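Let me begin by presenting the structure, written as structure tokens, before commenting on it.
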Amino acid sequence: MARLRFGAFLAPHHPVGEHPMLLFRRDIDFAAHLDRLGFDEFWCGEHHSSGWETIGSPELLLAAAAERTSRIRLGTGVISLPYHHPFNVAQRIVQLDHMSGGRIIFGSGPGALPSDAHTLGIDPMTQRDRQDEAIGVITRLLAGEPRFSHESDWFTLRDAQLQLLPLQETVPQAVASMISPSGMTLAGKYGIGALSIGSMAGDGILALPTQWGFAESAAAEHGRTVDRGSWRVLMSWHIAETRERARAEARHGLQRWHNEYIVDTLARPGAVRYDDPDEALEAVCRGTITSATTQAAVVGTPDDLVEFIRTMQRVTGGFGVAVGFAHDWADREATLRSWELVARYVVPELNGYINPLRESMAFVRSNRAAFERAQQAVLAKIAADPAAAAAFERTKAGSQTDDPNTHAD
Numbered sequence: 031m032a033r034l035r036f037g038a039f040l041a042p043h044h045p046v047g048e049h050p051m052l053l054f055r056r057d058i059d060f061a062a063h064l065d066r067l068g069f070d071e072f073w074c075g076e077h078h079s080s081g082w083e084t085i086g087s088p089e090l091l092l093a094a095a096a097e098r099t100s101r102i103r104l105g106t107g108v109i110s111l112p113y114h115h116p117f118n119v120a121q122r123i124v125q126l127d128h129m130s131g132g133r134i135i136f137g138s139g140p141g142a143l144p145s146d147a148h149t150l151g152i153d154p155m156t157q158r159d160r161q162d163e164a165i166g167v168i169t170r171l172l173a174g175e176p177r178f179s180h181e182s183d184w185f186t187l188r189d190a191q192l193q194l195l196p197l198q199e200t201v202p203q204a205v206a207s208m209i210s211p212s213g214m215t216l217a218g219k220y221g222i223g224a225l226s227i228g229s230m231a232g233d234g235i236l237a238l239p240t241q242w243g244f245a246e247s248a249a250a251e252h253g254r255t256v257d258r259g260s261w262r263v264l265m266s267w268h269i270a271e272t273r274e275r276a277r278a279e280a281r282h283g284l285q286r287w288h289n290e291y292i293v294d295t296l297a298r299p300g301a302v303r304y305d306d307p308d309e310a311l312e313a314v315c316r317g318t319i320t321s322a323t324t325q326a327a328v329v330g331t332p333d334d335l336v337e338f339i340r341t342m343q344r345v346t347g348g349f350g351v352a353v354g355f356a357h358d359w360a361d362r363e364a365t366l367r368s369w370e371l372v373a374r375y376v377v378p379e380l381n382g383y384i385n386p387l388r389e390s391m392a393f394v395r396s397n398r399a400a401f402e403r404a405q406q407a408v409l410a411k412i413a414a415d416p417a418a419a420a421a422f423e424r425t426k427a428g429s430q431t432d433d434p435n436t437h438a439d
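Under this note's numbering, the first residue of the sequence shown is numbered 31, with each subsequent residue one higher.
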């Protein structure tokens, strides 16, 4: 079975009130922390309003993160294509691929916040079609196709060809997918990956079993193939050594995030305020760990997260990357420790890294009698040889002399 990869998705969701300069530096430090822990991917997004989401250019933050990391892949999660001329997007991705040493994943979306589209004067009804059109053009540019022209109602290309191609032979791509089929359909149409963002809510999780089918159907229609290994599923978690500690660390930050961002800022349909932090915690984490889970987050132990991800694998039929949603539910130290616990315990458990160690330990324990018989046979052979026996006694005496707890009478 292919190894399950792990990543982090930084929208970001930072509560309003902290110094923005320090937030940017903290985000870059976070990428470096994940790189040291062995995570596979780091994603950051593009937003231009809401107060909580401070990154207006994922390319800029990823360029800085590239200088602080060495192996983790860096994903634009995501560039809102209707906001940009596709030629400029392609050029920035190529430059970033070179600056990062070939570690870029190009993630795109139609634009998530209605307030962003309003500011830019973009009709929301055109956004998904424009994303589709832009992906087609950008893919051709990144592939180094001969010069071509393209006329659109929102951009024009004349004799376009990139003067510099990516460092990677092919830049991996992924499209954002919510609950509707549109994102997965685009992934299938172009034979690229998908980033399921809607999976952070209960209704989005319930939609996951049918999501991959849209990608496969669109791929077949357009003569493409899709790979579940390039499917990334977002999840929310905060992990500690015990459930009680995890809940104590996350409860107030989660309440603030839910009330101030989800309810007051986004005005998400059906979301209600919670005056009690424990009620907010239950609202986000409630549900069941079953084949039809509606649980939207895990606040608990590494074992809880292992069980949740395994359930998500069964629900979806399998995916390639488990992507944790980065948030400020807990303080900085507890948050970094949460990601460390995932790296130390969750990643190896799900990928079977410690199974051979467990087998080796069990083998030694269950065969102790055989090992003791072998040792007795060796000692008997030594005893039968006077010279070997004398050398053995001298070795024992020397080890006892070296022992600080041994003294001469």
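Beta carbons: idealized from backbone N, C-alpha and C, even for Gly. Note that the coordinates shown come from a computational prediction; the quantities given were computed from them, not determined experimentally.
Within the same chain, show all residues whose beta-carbon is closer than 6 Å to that of residue i, passing over the 5 residues directly before and after it, in chain order.
{"i": "HIS288", "result": "ALA310"}
{"i": "GLY132", "result": "LEU197 and GLN198"}
{"i": "ARG33", "result": "ASN381"}
{"i": "THR215", "result": "PHE244 and ALA248"}
{"i": "SER368", "result": "HIS268 and ILE269"}
{"i": "TYR375", "result": "PRO332"}
{"i": "GLY348", "result": "ARG258"}
{"i": "ASP439", "result": "Low confidence applies here, because ASP439 scores a pLDDT of 44, under 50, leaving its location unreliable and the question unanswered by this model."}
{"i": "ALA41", "result": "GLY75 and GLU83"}
Use the C-beta contact count for residue i: other C-beta atoms within 10 angstroms, 16 or more gives buried, fewer gives exposed.
{"i": "VAL372", "result": "buried"}
{"i": "PRO50", "result": "exposed"}
{"i": "PRO515", "result": "Because the chain here runs from 31 to 439, residue 515 falls outside it and cannot be looked at."}
{"i": "SER182", "result": "exposed"}
{"i": "HIS43", "result": "buried"}
{"i": "ASP306", "result": "exposed"}
{"i": "HIS437", "result": "Because the pLDDT of HIS437 is 49, which lies under 50, any placement of that residue in the model is unreliable, and the number read from its coordinates should be weighed accordingly. HIS437 should be labelled exposed."}
{"i": "THR200", "result": "exposed"}
{"i": "PHE36", "result": "buried"}
{"i": "PHE39", "result": "buried"}
{"i": "ALA427", "result": "exposed"}
{"i": "ILE108", "result": "According to the sequence provided, residue 108 is Val. The question's Ile does not apply to it. Buried, by the Cβ-count rule."}
{"i": "ILE384", "result": "exposed"}
{"i": "SER390", "result": "exposed"}
{"i": "VAL167", "result": "buried"}
{"i": "PRO88", "result": "buried"}
{"i": "PHE393", "result": "exposed"}
{"i": "HIS252", "result": "exposed"}
{"i": "MET208", "result": "buried"}
With C-beta atoms as the reference, is residue i less than 9 Å away from residue j?
{"i": "PRO211", "j": "PHE244", "result": "yes"}
{"i": "ALA419", "j": "ALA413", "result": "yes"}
{"i": "ALA270", "j": "GLY330", "result": "yes"}
{"i": "ALA204", "j": "SER260", "result": "yes"}
{"i": "ALA352", "j": "MET265", "result": "yes"}
{"i": "LEU187", "j": "VAL124", "result": "no"}
{"i": "HIS128", "j": "LEU366", "result": "no"}
{"i": "ALA356", "j": "GLU279", "result": "no"}
{"i": "LEU67", "j": "GLU370", "result": "yes"}
{"i": "PHE72", "j": "GLY105", "result": "yes"}
{"i": "ASN225", "j": "LEU192", "result": "It should be pointed out that residue 225 corresponds to Leu in this sequence rather than to Asn. Not in contact: LEU225 and LEU192 (Cβ atoms no closer than 9 Å)."}
{"i": "LEU150", "j": "HIS77", "result": "no"}
Using C-beta distances below 7 Å, list every residue in its chain close to residue i, excluding the 5 sequence neighbours before and after it, in chain order.
{"i": "GLY283", "result": "ASP358, TRP359 and ALA360"}
{"i": "GLY47", "result": "none"}
{"i": "ALA25", "result": "Here the chain has residues from 31 to 439 only, and residue 25 is not among them."}
{"i": "GLU163", "result": "SER182"}
{"i": "GLN157", "result": "PRO112, PRO140, GLY141 and ALA147"}
{"i": "ARG101", "result": "ASP65"}
{"i": "ILE319", "result": "Note on ILE319: pLDDT 42, under 50, position unreliable in the model; no value is reported."}
{"i": "ALA327", "result": "SER266, TRP267, VAL314 and CYS315"}
{"i": "TRP184", "result": "ARG160"}
Identify the residues that DSSP records as bridge partners of residue i: which are they?
{"i": "ALA38", "result": "PHE72 and GLY354"}
{"i": "HIS180", "result": "LEU187"}
{"i": "LEU225", "result": "ALA206 and ARG262"}
{"i": "TRP267", "result": "VAL328"}
Comparing the C-beta of residue i with each C-beta of chain D, is any distance below 9 Å?
{"i": "VAL328", "result": "Here chain D cannot be found, since the structure has a single protein chain."}
Less than 8 Å between C-beta atoms, sequence neighbours within five positions excluded: which residues of the same chain meet that for residue i?
{"i": "ILE58", "result": "LEU91, ALA94, ALA95 and ARG98"}
{"i": "ASP189", "result": "ARG177, PHE178 and SER179"}
{"i": "ARG273", "result": "VAL329, GLY330, THR331 and ASP334"}
Is the beta carbon of residue i within less than 8 Å of some heavy atom of the ligand SAM?
{"i": "CYS74", "result": "Among the components of this structure there are no ligands whatsoever, and the ligand SAM is therefore not found."}
Segments assigned beta strand (DSSP E), at least 3 residues, entirely inside the segment 314-397: 327-330 and 351-355
Could you name each continuous beta strand (DSSP E) segment of 3 residues or more that falls completely within the segment 44-114, going from the start of the chain to the end? 71-74 and 103-106
Which runs of the alpha helix (DSSP H) at least 4 residues long sit entirely within the segment 131-162? Give them in chain order. 144-150
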